[in-house]
Structure formats: C-alpha cells, structure tokens
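Chains as they are written, first to last, in my numbering: chain A, 386 to 498; chain B, 3 to 115.
In what follows, a structure is listed as structure tokens, so that the remarks can point back to it.
So this is what it looks like as structure tokens:
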C-alpha cells in the first residue's frame, strides 16, 4: 500500500526565514499531490495542488515542488510569520479506481518572533 | 464559501451506545468522506460516498456504517460505541469535476467512556 512519510518532529524556525517541509512516498506515483494546513482542533484547509507533470507551483509565499523520480515533494513558506504556525499535511491522490486522498501524518511548524 | 458543518464539536458517549455523527455540505458536492484522526496515525478514511445512496468502505470501516439519503448530508453511525473509537472525526466533501480539493468540516471530538 502507499506509504507517505512526513517528519514527525516539529520544525522550529525564526520569523522571516524560509520553512521547508518534506513529503516522501513509496510505491507508484500519484496523479496529484496536495498540501493542507491544519490548526489545533480544526479541520484541514487546502493550500496547494501539484500535478504529476508539474515540477513547481507557487501561491503567494508558498511554493511546492514535486519530484516523481525521488518520490518527494517539498513545501516552502518564505518570509515565515508566527501566524504560519500550524501542522501541514501532505496528501496524495491515487490514480486508480475512485480517486481517494491518502494523507501523511503531518509536520508541525512553529515560527517564533 | 464552501461550508461543511458537523452536528457536534464535542461528544461524550458510553460504551455500547449507538452514536450518530452528521455532516452537511452546501456546495452540491458529489463526493463525501468520513475520516478519523489520531495522534501519530494521521487521517484515516472510514467510508466515502460518491453519490446519493452510494457508499464504499475506506481503510478502517469496521465498527462503523454510513448513510447518504440526500446529496448534502452524510451520516456516520457507530452501532455500538467502544473506547477504541474515541477520536477526532472529520467529514469532508469535494466536487467530482476538478482539482479534487477537499473541504473539511470542523471535526467532532468523540470520547467513549
């Protein structure tokens, strides 16, 4: 089955720096890879989607890369702010049958002033 | 704005009780999902529905059932609640047409004592 790995340890960075989160997966390549943000006690919120034939996608201070050879996606937040502190989930949309999302366990980001 | 609402934010039930969790979306989405989220295990798919009256098992359906009598409403039923069903339950919906972005509800924190 598909396995998705995100760093379970929290990432602590200083305000203004770039945060980089990693998502690695095994087995076959997904059709899409998505990133979600989740605040404590709330449901995840969609941030970005990148397709298997795209290398990079940007949205404001966010950038996602997708390397299907390495089976890895990197999620970058530039000029990070304390308000960016949250858990970030990687999710893969499987390209077989009904297209379900498979989620990673998430990485907690803490941005200190 | 897409709205996915869940009937309760917090729920406390006793072992053996029948529990109903309700989810309603207002965007005419075809697909709806129920997940549970536990520390270290991430989001796991319980059941999903791709259309009215249609339902499919997810990865962990044991001990649960679902109902989708109307397009906007997807119910999760715990026939006989057990302590290992204590968890955060998240409902989500999405259109079947593009991007596969999922919209999540705020979650229900269920405690079974």
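Ideal placement from N, C-alpha and C gives every residue a C-beta, glycine not left out.
Fair warning: this is a prediction, and the values are worked out from it, not measured in the lab.
According to DSSP, residues forming a beta bridge with residue i
{"i": "residue 463 of chain A", "result": "In DSSP, residue 463 of chain A forms no bridge with anything."}
{"i": "residue 115 of chain B", "result": "BP columns for residue 115 of chain B are empty, so no partner."}
{"i": "residue 58 of chain B", "result": "B:50"}
{"i": "residue 44 of chain B", "result": "B:40"}
{"i": "residue 72 of chain B", "result": "B:75"}
{"i": "residue 409 of chain A", "result": "A:390 and A:457"}
Beta-carbon contacts of residue i that lie in its chain and below 6 Å, excluding the five residues immediately before and after
{"i": "residue 113 of chain B", "result": "14 and 88"}
{"i": "residue 417 of chain A", "result": "434, 436 and 478"}
{"i": "residue 468 of chain A", "result": "none"}
{"i": "residue 67 of chain B", "result": "79"}
Own chain residues within Cβ distance below 8 Å of residue i, not counting five before or after
{"i": "residue 47 of chain B", "result": "35, 36, 37, 60, 61 and 62"}
Test: residue i CB closer than 9 Å to a CB of chain A
{"i": "residue 104 of chain B", "result": "yes"}
{"i": "residue 66 of chain B", "result": "no"}
{"i": "residue 49 of chain B", "result": "no"}
{"i": "residue 45 of chain B", "result": "yes"}
Residue i to residue j span [Cα, whole Å]
{"i": "residue 419 of chain A", "j": "residue 27 of chain B", "result": "21 Å"}
{"i": "residue 497 of chain A", "j": "residue 470 of chain A", "result": "9 Å"}
{"i": "residue 22 of chain B", "j": "residue 411 of chain A", "result": "36 Å"}
{"i": "residue 475 of chain A", "j": "residue 424 of chain A", "result": "14 Å"}
{"i": "residue 95 of chain B", "j": "residue 103 of chain B", "result": "9 Å"}
{"i": "residue 389 of chain A", "j": "residue 108 of chain B", "result": "24 Å"}
{"i": "residue 8 of chain B", "j": "residue 397 of chain A", "result": "33 Å"}
{"i": "residue 456 of chain A", "j": "residue 441 of chain A", "result": "14 Å"}
{"i": "residue 461 of chain A", "j": "residue 84 of chain B", "result": "41 Å"}
is_contact[residue i, chain B] using C-beta, thresh 9 Å
{"i": "residue 453 of chain A", "result": "no"}
{"i": "residue 417 of chain A", "result": "yes"}
{"i": "residue 449 of chain A", "result": "no"}
{"i": "residue 484 of chain A", "result": "yes"}
{"i": "residue 460 of chain A", "result": "no"}
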